[in-house]
Amino acid sequence: MKALKFLTAAAVAVAGFAGAAQSETIKVGLILPMTGPFASTGRAVESAAKLYMQQHGNKVGGHTIELVVQDDTGAADTTRRIAQEMVVRGGVKVLGGFGLTPLAMAAAPVAEQAKVPMVVMAAATSVITTKSQYIARTSFTLPQAAVGIAEWAPKNGIKSVVTMVSDYAPGIDAEKSFTEVFTRNGGKVVEQLRVPLANPDFSPFMQRVKDSGAGALFIFVPSGVGSAVMKEFQNRGLAEAGMKLIGTGDVVDDDILNQMGPAALGTVTSHHYSAAHDSAENKTFVSGYKALTGNRPNFMAVGGYDGMRLIYAAIEKAGGKVDGDSLIAAMKGMSWTSPRGPVSIDPETRDIVQNIYIRRVEKQDGELHNVEFDVIKDVKDPGKAKK
Ligand code: PHB
C-alpha cells in the first residue's frame, strides 16, 4: 500500500514535469513612487497596470498573475531594497515600474544578478536598458522624444533657443540630443540652463530666458512638474514678450494639462503619447482609465499599460516557462498596437521602437489637448543608435 502510494505520487510528479508546464501564480512586482513629489507617476503606472488586468483578466498561458505594488517614495536606496526583497523572499518573477531614472538604475544590478526581467514603464534616460540584459522598456527615451521637436522647430521659424532642463540624467539626455539635432538643422542654442530636480524655483531661470532675446524656450521637466513651469512662464510675461514654448511632451502632461490654463495654449512638443490620439485602441484605453480613476491618462499611464501587456504576451509566448531567460527572450522583437500607435521591442537593445508625434496644445470641446499634427514613424532610441 505504501509502495503504491509512492508510485502514484511519483507518476503524478513525472506527468506534471513531462507534460504542459504546471500552473503557477506568477507575481509581478511593481516598484513605484506612490508618495513624495513624483507620486503622480506612481499612481498613473499603477492605475494603468490594473486597468490592463481588469480588461484582460488575471489568467495567461495557464498561469495566474498576481500584481504586487510597493512604494519606494522616489528614493533609490529603497527601490533597490524592495527589488531585492521581492526577488529573494517575495517570489516575484517579473519586476516593473521605475518612476525615475535613478530608481531604475538602482534596481538594474538586482535584475542582472537574479536573472529576473525588469520592465521599465516610466524612466526614460537612454542608458538604462544597457545596465542589464534583463531590462526591457515600454516608456520612451528622451533622445527619441526630443528629435521630433528639434527637427520641427528650425523648419517652422524658430531659429534661436534657450534650453532649460531638470539637472539629472534625462534632462542631460534631452539637452544634448535636442541641441545636436536643432543645430544640425540650422538652429542656434544661445544658452543652456539646468534647474535643480528637487524643489525647483523656476522664476530666476525664466527671467534669464526672457532677457536672452531667443525666439523660444526648449524645456524638459519630468512628469508632474509642468504646471509650475507654465505658472512662471505666465508670471514673467514670456509669451507677451514673443517667446515660444517648445519641448518634449513631459511638460504638457495630459493629466494636468487642462488645469494649466491659457498659458499652455500653443505649446508645441514632440512625444510618443497624447490622450487625444485618434485610434480605437486609444479610445478604449482613455475611457477605461477615466472610469477607473476619474482622470485622463498621461504618457506614464500608457507605459504602465503596455508594460503589463508586454509581460502578459511574454508569458504566453514562452509557452508556460517563467524563468527570466525565457521571458526576456520572448519580449525581444514583440510588436503590438498600443493606445499610442504601433510599437515594438528592439531585439538588440530591448528598448521600445515607436512613433513620435508633433503636437500643439489646443482647446477642443472646452478642454486643453495635445493635438497631434505630424508624425515620425518607428523611431528607435537615437541615444543608442550612435554607440
Ligand atoms: C526619468 O527620471 O527618467 C524621467 C521621469 C519623468 C519623465 C521623464 C523621465 O517625464
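Be aware that the sequence shown starts at 888, since it is given in our numbering, and climbs by one per residue.
Glycine included, every Cβ here is placed at the ideal spot set by N, Cα and C.
Bridge pairing for threonine 951: Thr912 and Lys946 [DSSP]. Taking threonine 960 as the centre and dropping the five residues before and after it, the same chain places the C-beta of Pro920, Thr922 and Gly923 closer than 7 Å to its C-beta, in chain order. Per DSSP, aspartate 1193 is not a residue of any beta strand (DSSP E); the alpha helix (DSSP H) it occupies stretches across 1186-1204. Residue range 1222-1225 is occupied by the beta strand (DSSP E) that includes threonine 1224. The beta carbon of valine 1116 is closer than 7 Å to those of Phe1089, Ile1106, Val1108 and Val1138 in its chain, skipping five residues each way along the sequence. DSSP, read as helix, strand or coil, puts valine 1068 in helix.
By the C-beta criterion, the segment 960-969 is judged not to be in contact with the segment 1196-1205, since fewer than 3 inter-stretch pairs fall below 8 Å. Annotation: proline 1269 to aspartate 1060 spans about 11 Å, alpha carbon to alpha carbon. Between threonine 928 and glycine 978, the C-beta spacing is not below 8 Å.
Between glycine 1073 and serine 1047, the alpha-carbon positions lie close to 9 Å from each other.
In the DSSP annotation of this structure, isoleucine 1045 is not part of any alpha helix (DSSP H), being labelled neither H nor E. Assignment of leucine 1144 by DSSP, reduced to helix, strand and coil, places it in the helix class.
In the structure shown, proline 1057 falls within a helical segment according to DSSP collapsed to helix, strand and coil. In this structure, aspartate 959 has its CB at a distance of at least 7 Å from all heavy atoms of the ligand PHB.
Taking all protein chains in view, the Cβ of histidine 943 is surrounded by fewer than 16 other Cβ atoms within 10 Å, so the residue is classified as exposed. Between the ligand PHB and aspartate 1137, a heavy atom-to-CB distance of less than 7 Å is present.
The C-alpha of aspartate 1252 lies about 22 Å from the C-alpha of serine 1157. Contiguous alpha helix (DSSP H) elements confined to the segment 1108-1178 occur at 1113-1122 and 1141-1144, taking only those with 4 or more residues. At least one heavy atom of the ligand PHB lies less than 7 Å from the C-beta of proline 1109. 8 Å or more divides the Cβ of lysine 914 from the Cβ of glutamate 972. Under the DSSP assignment, lysine 1075 falls in the beta strand (DSSP E) whose first and last residues are 1075-1082. Annotated three-state conformation of serine 927 is helix, per DSSP.
Taking a cut-off of 8 Å for Cβ pairs, the segment 1146-1166 and the segment 1179-1191 touch, as three or more such pairs fall below it. Note on geometry: alpha-carbon atoms of isoleucine 918 and histidine 1256 lie some 30 Å from one another.
Note on geometry: alpha-carbon atoms of glutamine 1020 and aspartate 1210 lie some 14 Å from one another.
Excluding five sequence positions before and after alanine 991, the CB atoms of its chain that fall closer than 7 Å to its own CB belong to Phe985, Val1007, Ala1010 and Ile1015, given in chain order. Closer than 7 Å to some heavy atom of the ligand PHB: that does not describe the Cβ of alanine 998. Burial is judged here by how many other beta carbons sit within 10 angstroms of a residue's own beta carbon; phenylalanine 1069 has at least 16 and is buried.
At least 8 Å separates the beta-carbon of aspartate 1193 from that of serine 1231.
In the DSSP assignment, phenylalanine 1260 falls within the beta strand (DSSP E) that extends over 1254-1266. The beta carbon of valine 974 sits closer than 6 Å to the beta carbons of Ala1001 and Val1003 from its chain, once the five residues preceding and following it are set aside; these are given in chain order. Boundaries of the alpha helix (DSSP H) around glycine 1211: 1211-1218.
Its Cα nearest to that of glutamate 1078, the residue Phe1092 stands out among Leu1084, Ala1085, Pro1087 and Phe1092.
In this structure, the straight-line span from the alpha carbon of valine 1076 to that of isoleucine 1239 is close to 29 Å.
In this structure, the straight-line span from the alpha carbon of valine 1052 to that of leucine 1080 is close to 6 Å.
Here alanine 1010 carries a coil assignment [DSSP, helix/strand/coil].
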